[in-house]
Structure formats: structure tokens, C-alpha cells
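Here is the structure we will look at.
There are 2 protein chains.
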Amino acid sequence: MKARVTVTLKNGILDPQGKAIEGALKSLGVDGIASVRQGKVFDIELAGATDKAAAEAALKDAADKLLANTVIENYAIEVKG
Amino acid sequence: MKARVTVTLKNGILDPQGKAIEGALKSLGVDGIASVRQGKVFDIELAGATDKAAAEAALKDAADKLLANTVIENYAIEVKG
Numbered sequence: 035m036k037a038r039v040t041v042t043l044k045n046g047i048l049d050p051q052g053k054a055i056e057g058a059l060k061s062l063g064v065d066g067i068a069s070v071r072q073g074k075v076f077d078i079e080l081a082g083a084t085d086k087a088a089a090e091a092a093l094k095d096a097a098d099k100l101l102a103n104t105v106i107e108n109y110a111i112e113v114k115g
Numbered sequence: 035m036k037a038r039v040t041v042t043l044k045n046g047i048l049d050p051q052g053k054a055i056e057g058a059l060k061s062l063g064v065d066g067i068a069s070v071r072q073g074k075v076f077d078i079e080l081a082g083a084t085d086k087a088a089a090e091a092a093l094k095d096a097a098d099k100l101l102a103n104t105v106i107e108n109y110a111i112e113v114k115g
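Sequences listed follow chains H and G, in order.
Just so you know, we're using the working numbering here: the first sequence kicks off at 35 and counts up by one.
Just so you know, we're using the working numbering here: the second sequence kicks off at 35 and counts up by one.
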């Protein structure tokens with residue numbers, strides 16, 4: 035079973051990396067970019083998980099324990115059947 | 035107009051960071067994780083873009099020029115209305 039966990043900064047948290055990318059895109063002449071915020075994505079393969087609820091529980095555990103810093107980040111879990 | 039660009043490593047490209055996360059999850063006792071691969075996500079706000087095709091063209095340009103290393107990475111563009 036495959037899944038994707040997407041971790042993004044919460045609203046209001048400064049993102050200097052995103053700001054740098056935004057500046058770089060402007061100086062490269064890419065038009066129309068108003069703002070950029072960077073996040074992380076984890077493509078996870080689950081072994082032996084047969085039902086979606088169990089998979090989601092394991093991924094929530096993983097995200098809370100390691101993948102995301104829940105003080106400043108949000109995460110979204112997407113299990114792909 | 036909002037958009038998301040997701041950059042992931044191509045198949046066959048080694049991902050030591052993902053391997054480290056996999057090991058860490060195992061030692062934290064999170065069960066059922068077979069493999070982890072890490073990627074990046076960019077949440078981009080487009081200024082003044084009115085049609086989807088123009089937005090996609092600008093994002094493709096941004097991904098090719100800066101966001102992804104197309105030798106070892108794939109990217110996916112998703113424009114949100």
C-alpha cells in the first residue's frame with residue numbers, strides 16, 4: 035500500500051527558504067510568481083497493511099513522532115488504495 | 035491563483051535521506067513502514083494569472099529553471115482553480 039504525507043509550514047510561520055526561492059525566480063525572469071512556500075513530501079510504502087484505517091493510523095503516528103514538527107507544521111496524509 | 039509543484043526523485047536514484055527516515059521510524063517503533071522516499075513541495079501563489087494554461091506554462095518554466103533538477107528529479111504541477 036502506497037501513501038504520501040505532505041508537511042507544510044503553518045500560516046504565519048516565516049519561510050525564509052521560500053522567500054529565497056521567490057527572489058531567485060524573479061531574478062531568473064519567471065513572471066507572475068507572487069509568493070512561494072516550501073514544504074516536504076514523503077512517499078511511503080506500507081508493508082502488510084491491508085486496511086486503510088490501520089495504514090492511516092500508522093502514518094499519523096509517523097508524522098506526529100518524526101515527519102512533522104507539529105508546533106510549526108501541518109501535515110496531510112493521503113493513502114493511495 | 036494557487037498552485038502546488040511536487041518534486042520527487044526519479045526511480046532508481048538513491049535516497050539516503052529517505053533511508054535514514056525509514057531507519058528512524060523503525061527505531062521509534064512505528065510499524066509497517068517498508069520504504070520512505072523524500073521529496074519537496076512548493077506552494078506557489080501566482081499574481082495576475084487569469085488562465086490556467088498561462089499559469090501552467092509559468093510553473094513549468096520555474097520547475098525547469100530552478101525548482102527541480104530534471105536529471106535526477108521528476109516534478110508534477112497542480113493548479114488549483
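Where a beta carbon is used, it is the ideal one built from N, C-alpha and C, also for glycine.
| query | Name the chain H residues whose beta carbon is nearer than 9 Å to that of G/G115? | reply | Taking the second sequence and counting its residues from 1, the one referred to as residue 115 of chain G is at position 81. Those do not exist, as G/G115 stays about 16 Å from chain H at its closest Cβ, beyond 9 Å.
| G/I55 to G/G66, Cα distance in whole Å? | Start at 1 with the first residue of the second sequence, and residue 55 of chain G comes out as number 21. Start at 1 with the first residue of the second sequence, and residue 66 of chain G comes out as number 32. Answer to the nearest angstrom: the Cα atoms are 14 Å apart.
| If you draw a straight line from the alpha carbon of H/V105 to that of G/L48, how long is it in whole angstroms? | On the first sequence, residue 105 of chain H is found 71 positions in, with the first residue counted as 1. On the second sequence, residue 48 of chain G is found 14 positions in, with the first residue counted as 1. Roughly 31 Å between the two C-alpha positions.
| Taking Cβ to Cβ, would you say H/K36 is nearer than 7 Å to H/K86? | Looking up residue 36 of chain H in the first sequence gives position 2. Looking up residue 86 of chain H in the first sequence gives position 52. Result no, Cβ atoms of H/K36 and H/K86 do not sit closer than 7 Å.
| field | Listed by chain order, chain A residues near G/I111 by CB distance under 8 Å | value | Structure shown: chain A not included; protein chains present are H and G.
| Do we get a CB-CB distance below 7 Å when we pair G/V105 with the residues of chain H? | Numbered from its first residue, the second sequence carries residue 105 of chain G at position 71. Cβ-Cβ to chain H under 7 Å: no for G/V105.
| Can you list, in chain order, the residues of the segment 53 to 86 of chain H whose Cβ is nearer than 8 Å to any Cβ on chain G? | I55, A58, L59, L62, V64, D65, G66, I67, A68, S69, V70, R71, Q72, G73, K74, V75, F76, D77, I78, E79, L80, A81, G82, A83
| Among residues of its own chain, excluding the 5 on either side of H/R71, which ones have a beta-carbon nearer than 8 Å to its beta-carbon? | Within the first sequence, numbered from 1, the residue matching residue 71 of chain H stands at position 37. The residues T42, L43, D49, G52, in chain order, have a CB closer than 8 Å to that of H/R71 in the same chain once the five nearest residues on each side in sequence are set aside.
| field | Presumed contact (8 Å Cβ cut-off) between G/V64 and H/A102, rounded CB distance | value | Against the second sequence, residue 64 of chain G aligns to sequence position 30. Against the first sequence, residue 102 of chain H aligns to sequence position 68. The Cβ separation is near 13 Å, so there is no contact.
| said: Using only the alpha-carbon positions, how far apart do G/A89 and G/E112 sit? | reply: The residue you call residue 89 of chain G lines up with position 55 of the second sequence. The residue you call residue 112 of chain G lines up with position 78 of the second sequence. Approximately 10 Å between the Cα atoms of the pair.
| field | Nearest-angstrom Cα separation, counted from H/K60 out to H/R38 | value | Against the first sequence, residue 38 of chain H aligns to sequence position 4. Against the first sequence, residue 60 of chain H aligns to sequence position 26. If you take the alpha carbons of H/R38 and H/K60, they lie about 30 Å apart.
| said: Is the separation between the beta-carbon of G/A68 and that of H/A81 shorter than 7 Å? | reply: Here residue 68 of chain G corresponds to residue number 34 of the second sequence, with the count starting at 1. Here residue 81 of chain H corresponds to residue number 47 of the first sequence, with the count starting at 1. For G/A68 and H/A81, yes; Cβs fall inside 7 Å.
| query | Of all the options H/D77, H/T84, H/G73, H/A58, which has the alpha carbon lying nearest to the alpha carbon of H/N108? | reply | In the first sequence, residue 108 of chain H corresponds to position 74, counting from 1. It is H/G73.
| request: For G/T40, count neighbouring C-beta atoms within 10 Å of its own C-beta (all shown protein chains included) and say buried if the count is 16 or more, exposed if not. | output: On the second sequence, residue 40 of chain G is found 6 positions in, with the first residue counted as 1. When all chains shown are included, G/T40 counts as buried.
| message | Quick test of your reading: H/L62 and G/K99, contact by CB under 8 Å. State the CB separation rounded to the nearest angstrom. | response | Residue numbering aside, residue 62 of chain H sits at position 28 when the first sequence is read from its first letter. Residue numbering aside, residue 99 of chain G sits at position 65 when the second sequence is read from its first letter. Right, their Cβ atoms sit about 5 Å apart.
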